[in-house]
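Asks: Please see the structure below; I have some questions.
Number of protein chains: 2
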Amino acid sequence: MRTLGVLGGMGPAATVAFLARVQALTPAQGDADHIRVVMDLNPQVPDRNTRPGEAEAELAAMALRLKTVGAEVLAMPCNTAHAQKAGIEAAGLPFIDMIAATVAAVMPHNAGGVGILATPGGEALYRAALEAEGMRPVLLEGTDRDAFMACVYGVKRGDSGADNRAAMQRLAGALIAAGAGAVIAGCTEVPLLLAAADVAVPLVDSAEVLAQACVVACRA
Amino acid sequence: MRTLGVLGGMGPAATVAFLARVQALTPAQGDADHIRVVMDLNPQVPDRNTRPGEAEAELAAMALRLKTVGAEVLAMPCNTAHAQKAGIEAAGLPFIDMIAATVAAVMPHNAGGVGILATPGGEALYRAALEAEGMRPVLLEGTDRDAFMACVYGVKRGDSGADNRAAMQRLAGALIAAGAGAVIAGCTEVPLLLAAADVAVPLVDSAEVLAQACVVACRA
Chain A
1112 MRTLGVLGGM GPAATVAFLA RVQALTPAQG DADHIRVVMD LNPQVPDRNT RPGEAEAELA
1172 AMALRLKTVG AEVLAMPCNT AHAQKAGIEA AGLPFIDMIA ATVAAVMPHN AGGVGILATP
1232 GGEALYRAAL EAEGMRPVLL EGTDRDAFMA CVYGVKRGDS GADNRAAMQR LAGALIAAGA
1292 GAVIAGCTEV PLLLAAADVA VPLVDSAEVL AQACVVACRA
Chain B
1112 MRTLGVLGGM GPAATVAFLA RVQALTPAQG DADHIRVVMD LNPQVPDRNT RPGEAEAELA
1172 AMALRLKTVG AEVLAMPCNT AHAQKAGIEA AGLPFIDMIA ATVAAVMPHN AGGVGILATP
1232 GGEALYRAAL EAEGMRPVLL EGTDRDAFMA CVYGVKRGDS GADNRAAMQR LAGALIAAGA
1292 GAVIAGCTEV PLLLAAADVA VPLVDSAEVL AQACVVACRA
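In order, the protein sequences belong to chains A and B. Position in the first sequence (first residue = 1) + 1111 = this note's numbering. Position in the second sequence (first residue = 1) + 1111 = this note's numbering.
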C-alpha cells in the first residue's frame, strides 16, 4: 500500500467529503485495511483566479512538504487549482490528474455534448481536455455562470441547504436543455449539492472519480 | 490563526467525522476563515492495547513529522491512544488532551454517577480522571463490555447501520440504569452510532469537546 498525499482546503468541506469517499471506496474489514493519508488542508492558498503565480508557488511548497512526511502519490480535490499543477508535479511524485481522470470517465457517456459544472478556471481546463478528445463541451451561459459561483460560495459559507441544492439542480437542467447528454460535476463543491439521482443524464463526479483513482493507485 | 496537527486514523472514519466537526464549529464566511490542518491519518499505528510501546514510538514520530510541516497545536481524535500521549508531548507542541477536556466538560452534568462508553484502555483513563475530580464512574458490566467492542469494530468495518446504532443505544441505557446521570461518549466511534437525542441523560461527546477545544486554540 502506498501513502496518499492530499493537497486540500480548496475548499475545506469538499476536502473532508473527498476523504470520506476514499474510505467508502476502500474495501476494509478494519482500520489497518485503509490507506494512510498525509494531508495539508490549507484554506489560505492564494486565490487561484486572481493570484495564480502565488497559488502555484504555495501548492509546490505543500507538495514538497507532503513528500518529506511520506506521501508517495499526490492528489488534489480541487479542479480549478489544476491550472497550477506544474508546481505540484515539480515535487517528483506521481500526481493523479483529476481533470484527465474525469474526462476519461465521461467518455463512455459521450452522447452529443458534455455539460460542465465548474468555475471559469475549471471550465477552461475541462473544455480543452474534452475538445482534445473530440467531445463537445456544453457550457453554462449568461447569468447562469454567476448563479453557479453563488452556489459554490454558498457551500464555502456552510450552506448546503435545500435552496442551494435546488439552484444547482436547475443549472444541471440548463446544461441538459442545451444538449448535454452527460454532465461533469467539475468542481468539488458540486457533489455537496447535487447527487446523480438529481440529474436526468449521467452525472460524472470529479471527486468520486479522483477518490476511486486514489484507491486504485495506493492499493496497487 | 494557528495550524492544527491531527494524529488520525484510529479509526479512519472517526478522524474524518472529527475534521467535519472542526469545520462545522468554525465561524466561516469562506475558505480562508477555516483552520489550516496538517494531518497524518495513519490506520497502521500498532495496536494500542497489545503493542503499547510500539504505538507510542509511532505516535511520537507522527507528532514530530507534523511539527516539521507546520503544526502549532496537536490533537488526536482517539481516546484510547491517549495512554501513549507522552510520546506525542515529546514533540514539544501544545497537545490538547481529549480525556482532560471531556472530563472538564462533564463536570456541570455530574449527577450521581458518570457513565463511560469507551474501550477498556479509554475507560481506564476516564475512570482515573473522573475519580481524580471526585466524580463516580459508572462502567459497563459483563457481556456489555464485549457488546461495546463489537459496536466499535462494526464501525471500523463500515457498519453504522440501524442494528449497530440500536446496540449502542442499549448500552447507554444500561449505564443510566446503573446510576449514570450523564454519559461520556469516550471513544470516537461512539458518535458515529449515537446522538445526544438517543440518550435520556446528557451525552458528553469527546470528539465534539476536542473539536471545540481545537477551534478555540487555533483561532485564539
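Cβ atoms here follow ideal geometry from the backbone N, Cα and C, with glycine treated the same way. Keep in mind it's a predicted model, so treat the numbers as computed, not measured.
1) For the alpha helix (DSSP H) containing residue 1198 (chain A), name the first residue and the last one.
2) How big is the Cα-Cα spacing for residue 1233 (chain B) and residue 1261 (chain B)?
3) Report the neighbours of residue 1225 (chain A) on chain B: residues whose CB is nearer than 9 Å to its CB, in chain order.
4) Which one of A:1212, A:1275, A:1136, A:1149 has the shortest CA to CA distance from residue 1297 (chain A)?
5) Kindly give me the distance between the Cβ atoms of residue 1236 (chain B) and residue 1210 (chain B), rounded to whole angstroms, as I take these residues to be in contact under 8 Å.
6) Which of the residues in the region 1123-1150 of chain B, read from start to end, lie with their CB under 7 Å from any CB of chain A?
7) What is the DSSP secondary structure of residue 1233 (chain B), reduced to helix, strand or coil?
8) Within this structure, are the beta carbons of residue 1148 (chain B) and residue 1130 (chain A) separated by less than 7 Å?
9) Kindly list, in the order they appear in chain B, the residues whose Cβ is closer than 7 Å to that of residue 1250 (chain A).
10) Less than 7 Å between CB atoms is the rule here; does residue 1152 (chain B) satisfy it with respect to chain A?
11) So for residue 1118 (chain A), helix, strand or coil by DSSP?
12) Taking 7 Å as the CB-CB cut-off, is residue 1267 (chain B) touching chain A?
13) Mind checking if residue 1280 (chain B) is an interface residue toward chain A, Cβ cutoff 7 Å exclusive?
14) For residue 1074 (chain A), which residues in the same chain have their Cβ closer than 6 Å to its Cβ, ignoring the five residues on either side in sequence?
15) Is the Cβ of residue 1263 (chain B) closer than 7 Å to any Cβ of chain A?
16) Counting pairs of beta carbons, one from the region 1155-1168 of chain B and one from the region 1153-1169 of chain A, are three or more of them closer than 8 Å?
17) Give every residue of the same chain whose Cβ lies closer than 6 Å to the Cβ of residue 1289 (chain B), excluding the five residues on either side of it in the sequence, and list them in chain order.
18) With respect to the alpha helix (DSSP H) encompassing residue 1279 (chain B), which residues constitute its N-terminal and C-terminal limits?
19) Thinking residue 1228 (chain B) and residue 1295 (chain B) are a contact (beta carbons under 8 Å), I'd like their distance in whole angstroms, please.
20) Hey, is residue 1330 (chain B)'s beta-carbon within less than 7 Å of any beta-carbon in chain A?
21) What residue from B:1215, B:1300, B:1293 has the CA that sits closest to residue 1243 (chain B)'s CA?
22) What number of angstroms, rounded off, separates the C-alpha of residue 1180 (chain A) from the C-alpha of residue 1186 (chain A)?
23) Here's a check: name, in chain order, each residue in its chain whose Cβ is nearer than 6 Å to the Cβ of residue 1221 (chain B), leaving out the five neighbours to either side.
24) Measuring straight from C-alpha to C-alpha, what distance separates residue 1142 (chain A) and residue 1154 (chain B)?
25) Under 7 Å Cβ to Cβ from residue 1195 (chain B), same chain only, skipping five residues before and after it: list those, please.
26) What are the start and end residues of the alpha helix (DSSP H) that includes residue 1164 (chain B)?
Replies: Reading off the structure:
1) Where residue 1198 (chain A) is concerned, the enclosing alpha helix (DSSP H) stretches over 1196-1200.
2) Cα-Cα distance, rounded: 15 Å.
3) Under a criterion of Cβ atoms nearer than 9 Å, no residue of chain B is adjacent to residue 1225 (chain A); the nearest Cβ is some 28 Å distant.
4) Considering only alpha carbons, the answer is A:1212.
5) The Cβ separation is near 5 Å, so the contact holds.
6) Cβ contacts with chain A: 1123, 1124, 1127, 1130, 1131, 1134, 1139, 1140, 1141, 1142, 1143, 1145, 1147, 1148, 1149, 1150.
7) Reduced to three states, the DSSP call for residue 1233 (chain B) is helix.
8) No, Cβ-Cβ distance for residue 1148 (chain B) and residue 1130 (chain A) is not below 7 Å.
9) Residues of chain B passing the Cβ test: none, with the nearest at roughly 25 Å.
10) Judged by the 7 Å Cβ criterion, residue 1152 (chain B) is in contact with chain A.
11) If DSSP states are grouped into helix, strand and coil, residue 1118 (chain A) belongs with the strands.
12) So, interface residue.
13) Taking Cβ atoms only, chain A never reaches closer than 7 Å to residue 1280 (chain B), which makes this a no.
14) Beyond the ends of chain A as shown, which are 1112 and 1331, falls residue 1074 (chain A); an answer cannot be given.
15) So no, residue 1263 (chain B) is outside the interface.
16) Put simply, the region 1155-1168 of chain B does not touch the region 1153-1169 of chain A. Fewer than three CB pairs are less than 8 Å apart.
17) Only 1249 meet the Cβ criterion.
18) In the DSSP assignment, residue 1279 (chain B) falls within the alpha helix (DSSP H) that extends over 1273-1288.
19) With a Cβ gap of about 7 Å, residue 1228 (chain B) and residue 1295 (chain B) count as contacting.
20) Not one chain A Cβ lies under 7 Å of residue 1330 (chain B).
21) Closest by alpha carbon: B:1215.
22) Distance between the alpha carbons of residue 1180 (chain A) and residue 1186 (chain A) is about 15 Å.
23) Cβ within range, chain order: 1246.
24) Their backbone Cα atoms lie some 5 Å apart in a straight line.
25) Same-chain partners within the cutoff: 1159, 1163, 1166, 1167, 1170.
26) Looking at the DSSP string, the run of the alpha helix (DSSP H) that includes residue 1164 (chain B) is 1163-1179.
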